[in-house]
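Asks: Under the numbering used here, read the sequence shown as residues 47 to 570, first letter to last. Note that beta-carbon positions come from the ideal geometry of N, C-alpha and C, so glycine has one too. Can you keep this structure in mind? I'll have questions shortly.
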Amino acid sequence: MPRVVLLGSSPGPDAAPGQVTPAALTLPALPGCPTVIGKLHGQLASLDSEPVTIVRSGDAAAHRGFPGSLVETSDLAGDLRAVADAVEGATENLLFLPANSLIHDELIYQITKSKRGALALITKEPREEDENGDVIVQDVPIDEALPEIGDRRLEGLPVRVRARKSRVISVGSAYHAVTRPNSVLLGPLHLHHKHAPALAEAARELADMAHLLGPDDDLVQLLVLGLVRKGVSVGIRGRRDLFFRRVFTPEQAAEALAEMSTFNEDRARLNNAVKGADGFFTTYFVSTYSRFIARWAARRGLTPNQVTLISIALGVAAALCFATGERAGMVAGGLLIYFAFVFDCVDGQVARYARKFGVLGAWLDATFDRFKEYVVFAGLAVGAAVSGVGDVWTLALIALGVQSIRHLLDFSYGAANRRKPPSPLPSVALSVSADTGLRQALEERKNAKTGGIRNLLKIWGRAGRYRAVHWARKMIVFPIGERFAAIAIVSALFDARITFLTLIIWGGIGAAYSLTGRLMRSLA
47 MPRVVLLGSS
57 PGPDAAPGQV
67 TPAALTLPAL
77 PGCPTVIGKL
87 HGQLASLDSE
97 PVTIVRSGDA
107 AAHRGFPGSL
117 VETSDLAGDL
127 RAVADAVEGA
137 TENLLFLPAN
147 SLIHDELIYQ
157 ITKSKRGALA
167 LITKEPREED
177 ENGDVIVQDV
187 PIDEALPEIG
197 DRRLEGLPVR
207 VRARKSRVIS
217 VGSAYHAVTR
227 PNSVLLGPLH
237 LHHKHAPALA
247 EAARELADMA
257 HLLGPDDDLV
267 QLLVLGLVRK
277 GVSVGIRGRR
287 DLFFRRVFTP
297 EQAAEALAEM
307 STFNEDRARL
317 NNAVKGADGF
327 FTTYFVSTYS
337 RFIARWAARR
347 GLTPNQVTLI
357 SIALGVAAAL
367 CFATGERAGM
377 VAGGLLIYFA
387 FVFDCVDGQV
397 ARYARKFGVL
407 GAWLDATFDR
417 FKEYVVFAGL
427 AVGAAVSGVG
437 DVWTLALIAL
447 GVQSIRHLLD
457 FSYGAANRRK
467 PPSPLPSVAL
477 SVSADTGLRQ
487 ALEERKNAKT
497 GGIRNLLKIW
507 GRAGRYRAVH
517 WARKMIVFPI
527 GERFAAIAIV
537 SALFDARITF
547 LTLIIWGGIG
557 AAYSLTGRLM
567 RSLA
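Quick look at the structure:
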């Protein structure tokens with residue numbers, strides 16, 4: 047569970063300390079949650095029962111009476127030093143949230159479950175960008191533009207973040223320039239505890255130069271500025287179909303609450319239960335409805351492991367049907383193996399929707415996926431012998447060998463990548479105003495990673511932007527959805543020999559494609 051740090055000092059329209067306290071904004075439509083800070087504490091109780099709240103002395107009264115520790119400060123320098131003290135020596139991940147946040151529970155969950163070392167919630171301006179993610183302003187390339195401080199505002203906050211693709215590359219302040227800012231950091235920041243020392247160091251450095259900062263400088267944005275300048279990769283995500291807003295007046299609170307009620311948080315949670323990187327068959331022929339089975343199962347108390355057992359039973363039943371060797375048995379086996387795969391997807395979706403995860407469940411899911419596949423191979427081979435198609439055990443063993451080698455390559459490559467340390471990002475001193483040096487270092491780092499193989503990989507990566515290429519790449523590797531679909535369709539229409547030949551040929555092509563790509567990435 048992460049350690050929560052609530053930031054009670056945030057800039058915004060009509061929000062000066064001691065005048066309009068974000069924590070005191072009333073929420074009359076929510077019985078039991080009369081204030082914004084009260085609602086937020088209720089949401090965060092399951093994450094951290096003793097959060098740290100950093101707030102200016104003039105606003106401290108509205109924060110008293112809530113669980114956790116209250117740290118009172120007098121200025122921005124005090125805020126930054128309090129953050130450094132709160133995170134120094136942290137052994138748990140950290141979640142920073144402005145105390146005036148209205149946010150969905152599901153969004154908090156998604157942010158805190160991120161595997162990124164650092165992740166910030168941002169909103170981007172609707173501006174045109176080129177294929178590299180650079181903003182095009184009056185047809186002037188970004189590298190020819192002069193550094194500038196973002197003086198525009200978006201959602202009541204200054205536009206002082208430069209985001210490209212999947213991460214933040216530059217952040218500005220009243221002192222620090224950011225070239226062509228295109229985003230606003232909304233507030234939530236999740237940080238792995240390994241980066242806590244870098245954040246504490248940056249916060250103290252910024253505190254020492256607080257006289258150079260301005261009243262518009264947002265505390266969370268300054269923290270991200272420090273992380274980026276220290277060479278920490280800060281990933282980004284948007285709100286998508288969930289709600290987040292920082293409110294500064296009672297009128298904004300009422301308006302935001304009304305807008306929040308129009309969002310279907312349960313639907314967003316259900317959609318999030320479906321893995322986003324699934325193959326073509328799974329995406330269009332299973333996940334379109336399996337999520338609703340998952341919600342039905344979760345609401346009736348079924349556990350992911352129980353759903354896994356249903357999938358295993360359907361897989362064994364499919365193998366028994368195939369073993370009859372009769373056409374009706376082959377058709378029935380095809381239907382059963384399809385639904386075995388459906389429930390194989392449902393068990394993971396139940397786990398993500400109900401948030402019931404366990405080592406046993408993960409092991410069962412991975413192990414019995416292979417078991418279902420191989421027992422079906424045996425059923426098909428027995429059925430071929432019974433029906434007089436001939437001895438297909440050799441083909442069955444070849445198909446099993448191809449799949450076993452592919453699984454071995456997948457797991458070994460994944461393990462090797464997990465052991466590889468990430469490439470360090472360039473760092474720039476916080477005392478330097480312009481971000482020119484940081485951008486130049488990033489550009490040099492990008493250009494240094496060139497070469498024949500790397501360029502080929504980049505071209506192939508860009509080709510994935512086209513949907514046809516994207517799905518072709520997904521299908522060619524012959525993932526489990528496509529394999530089960532091939533078994534179900536081919537066995538129902540033809541015989542076991544054709545089924546095994548399909549598995550061997552497609553599986554061999556997929557193995558060759560995967561192996562080639564991994565060799566190229568390793569060499570690059």
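Could you pull the DSSP bridge partners for His150 from this structure?
Replies: His150 pairs with nothing; no bridge assigned.
Asks: Using DSSP's beta-bridge definition, name the partner residues of Phe290.
Replies: Ile149
Asks: How far does the beta strand (DSSP E) with Glu118 in it reach, from first residue to last?
Replies: Ser115 to Thr119
Asks: What whole-angstrom Cβ distance do Ser479 and Phe290 have, given they're in contact under 8 Å?
Replies: Not a contact, Cβ separation roughly 31 Å.
Asks: Return helix, strand or coil for Tyr233, following the three-state DSSP convention.
Replies: The sequence shown places Gly at residue 233, rather than the Tyr named in the question. DSSP places Gly233 within a strand segment (E or B) once states are collapsed to three.
Asks: Measuring CB to CB, does Ala369 end up less than 8 Å from Gly407?
Replies: no
Asks: Express the C-alpha separation of Ala340 and Ile551 in angstroms, rounding to a whole number.
Replies: 34 Å
Asks: Helix, strand or coil for Val101? Go by DSSP, reduced to three states.
Replies: strand
Asks: With a threshold of 8 Å, are at least 3 pairs of Cβ atoms found where one atom belongs to the segment 394-403 and the other to the segment 309-323?
Replies: yes
Asks: Let me confirm a value: Ser458 is counted as buried when at least 16 other C-beta atoms fall within 10 Å, else exposed. Which label applies?
Replies: exposed
Asks: Could you spell out where the beta strand (DSSP E) holding Phe540 opens and where it closes?
Replies: Here Phe540 belongs to no beta strand (DSSP E), and DSSP marks it neither H nor E.
Asks: Measure the alpha-carbon distance for Ala378 versus Val422 and round it to whole angstroms.
Replies: Using only the alpha carbons, I get a separation of about 13 Å.
Asks: Please say whether Phe546 and Thr381 have beta carbons closer to each other than 8 Å?
Replies: The residue you asked about is not Thr; residue 381 is Leu in the sequence shown. The answer is no: Cβ separation not under 8 Å.
Asks: Roughly how many whole angstroms lie between the Cα atoms of Leu268 and Trp506?
Replies: So the two alpha carbons sit approximately 37 Å from each other.
Asks: Which residues does DSSP pair with Ala209 in a beta bridge?
Replies: Val214
Asks: Could you please give me the residues that DSSP links to Lys170 through a beta bridge?
Replies: Ser229
Asks: Quick check: the Cα distance between Thr225 and Asp456, rounded to an integer number of angstroms?
Replies: If you take the alpha carbons of Thr225 and Asp456, they lie about 41 Å apart.
Asks: Within 10 angstroms of its Cβ, does Tyr330 collect 16 or more other Cβ (buried), or is it exposed?
Replies: exposed
Asks: Alpha carbon to alpha carbon, what distance is there between Gly404 and Ala191?
Replies: Any reading at Ala191 needs caution, since the residue's pLDDT is 36, under 50, leaving its predicted position unreliable; the model's value is listed next. Those two C-alpha atoms are separated by around 51 Å.
Asks: Here's a check: name, in chain order, each residue in its chain whose Cβ is nearer than 7 Å to the Cβ of Gln298, leaving out the five neighbours to either side.
Replies: none
Asks: Could you have a look at Thr81 and say whether DSSP puts it in helix, strand or coil?
Replies: strand
Asks: According to DSSP, is Phe530 part of a helix, a strand, or is it coil?
Replies: helix
Asks: Tell me which residue opens and which closes the beta strand (DSSP E) that Ala142 is part of.
Replies: According to the sequence displayed, residue 142 carries Phe and not Ala. Run containing Phe142: Leu140 to Pro144, per the beta strand (DSSP E) assignment.
Asks: Within 10 angstroms of the Cβ of Thr169, are there 16 or more other Cβ atoms? Answer buried if so, exposed if not.
Replies: buried
Asks: Buried or exposed: Arg315, going by 16 or more other Cβ atoms within 10 Å of its Cβ?
Replies: buried
Asks: Please determine if the segment 480-493 and the segment 550-565 are in contact, where contact requires at least 3 C-beta pairs separated by less than 8 Å.
Replies: The segment 480-493, when compared against the segment 550-565, does not touch it at the 8 Å Cβ threshold.
Asks: Are the segment 244-260 and the segment 150-158 in contact at 8 Å, needing three or more beta carbon pairs?
Replies: no
Asks: In three-state DSSP terms, what is Pro350?
Replies: helix
Asks: If you draw a straight line from the C-alpha of Leu366 to the C-alpha of Ile356, how long is it?
Replies: Cα to Cα, Leu366 sits roughly 15 Å from Ile356.
Asks: Grab me the residues of Val388's own chain with a C-beta within less than 7 Å of its C-beta, minus the 5 sequence neighbours each way, in chain order.
Replies: The residues are Val332 and Ser336.
Asks: Does Arg110 pass the burial test, meaning 16 or more other C-beta atoms within 10 Å, or should it be called exposed?
Replies: exposed
Asks: Do you know offhand how far Leu231's Cα is from Ala220's?
Replies: Spanning the two alpha carbons is a distance of roughly 15 Å.
Asks: For the alpha helix (DSSP H) that Leu40 lies in, which residues bound it at each end?
Replies: Nothing about residue 40 can be read from this structure; the chain reaches only from 47 to 570.
Asks: Please go through the same chain and pick out, in chain order, the residues whose beta-carbon is closer than 6 Å to the beta-carbon of Phe326, but skip the five residues on each side of it.
Replies: Trp517, Lys520 and Met521
Asks: Have a look at Val205, Ala304, Arg286 and Arg345 and flag the residue whose alpha-carbon is nearest the alpha-carbon of Val293.
Replies: Ala304
Asks: Among Val392, Ile215, Trp342 and Arg199, which one has its Cα closest to the Cα of Ile358?
Replies: Val392
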